[in-house]
Amino acid sequence: MTTLSKISALMGLLLAVSAVQAGDAAAGKSKGMKCISCHGLKGVSSNSQYPSIAGQKEAFLVSQMEAFKSGARPVAAKSALFGSLASNDFADLAAHFSALPPGSSGSKADAAVLDKGKAGYEMCAGCHGAAGEGSDAGPRLAGQHSAYLIKRLGDYKSGAAPDESMKGIASGMSTDDMVAVSEFLSSLK
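This is the structure:
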């Protein structure tokens, strides 16, 4: 699949999210048992390789599950996991995890790094919210593991993650900028 095809598929999925049916959080809780080994019992990951999904926007969660299933966001383990699930399963899972309170991984960075990250985050707030809480345009980033965020920014910069708007932003960031913004976000609740 070419980069253009992946981007087109992802954009189609994002546009389709507005038509997603309302999910059943109780059904999502039982269906979500396969998710907890990576994302934590309450959607707050203890492993920095995996994002916390508690408190994430339902539409974003559904769009990501659809992208994993279709291959637009290629992760072999996720494609296999979501391959047998239907749209209503995605809606149920999203309803469950979005209703959970978000956690915070915390940051051990010093004040100078956090201040630099806060200043650097200003360009991100339009899509991800003033406090990283997420919006219709972008996912919740507050409280995520800094290592996960640094990896994702690197993936956007290298083109490994197919998102042209994020690639443009990440391309203008140095490694130090990525670390500072990621540490700032991980310090938020």
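The sequence shown begins at 0 in numbering that gives the first Met the number 0 and counts up one residue at a time. Yeah, the Cβ is synthetic: ideal placement off N, Cα and C, and Gly gets one too. Bear in mind that the values here come from a model prediction, so they are computed numbers and not experimental data.
1. By the 10 Å Cβ neighbour count, where 16 or more other Cβ atoms means buried, how is SER181 classified, buried or exposed?
2. Which of the three DSSP states, helix, strand or coil, is assigned to ASN87?
3. How would you write the range of the alpha helix (DSSP H) that MET122 sits in, first residue to last?
4. Which same chain residues, not among the five before or five after LEU140, have their C-beta less than 6 Å away from its C-beta?
5. Determine the contact status of SER51 and VAL43, defining contact as a CB-CB distance below 7 Å.
6. So, LYS240 versus HIS95, is the Cβ gap smaller than 7 Å?
7. Span of the alpha helix (DSSP H) holding LEU184?
8. Measure how close the beta-carbons of ALA146 and SER47 come, nearest whole angstrom, since I'm counting them as under 8 Å.
9. Grab me the residues of TYR152's own chain with a C-beta within less than 6 Å of its C-beta, minus the 5 sequence neighbours each way, in chain order.
10. Quick check: the segment 23 to 42 against the segment 87 to 94, are there 3 or more CB pairs under 8 Å?
11. Please list the segments of the alpha helix (DSSP H) lying wholly inside the segment 41 to 120, counting only runs of 4 or more residues, in order along the chain.
12. Using the C-alpha atoms, what's the distance from LYS156 back to GLY116?
The short version:
1. With a 10 Å radius around the Cβ and a threshold of 16 neighbouring Cβ atoms, SER181 comes out buried.
2. ASN87 carries a helical assignment under DSSP once its states are collapsed to helix, strand and coil.
3. DSSP places MET122 outside any alpha helix (DSSP H), giving it a letter other than H or E.
4. Once the five neighbours on either side are set aside, the close Cβ partners of LEU140 are HIS127, GLY131 and LEU184.
5. Yes, they are a contact pair.
6. No statement about residue 240 is possible, as the shown extent of the chain runs from 0 to 188 and does not include it.
7. LEU184 -> alpha helix (DSSP H) spans 174 to 186.
8. The pair is a contact, with the Cβ atoms about 4 Å apart (cut-off 8 Å).
9. Note that residue 152 is Leu in the sequence shown, not Tyr. Cβ-Cβ distances below 6 Å link LEU152 to ALA169 and MET177 in the same chain, with the five nearest sequence neighbours on each side left out; the list follows chain order.
10. Cβ pair count under 8 Å is three or more, so yes.
11. Within the segment 41 to 120, the complete alpha helix (DSSP H) runs of at least 4 residues fall at 57 to 69, 75 to 81, 86 to 98 and 110 to 120.
12. Whole-angstrom Cα-Cα distance: 18 Å.
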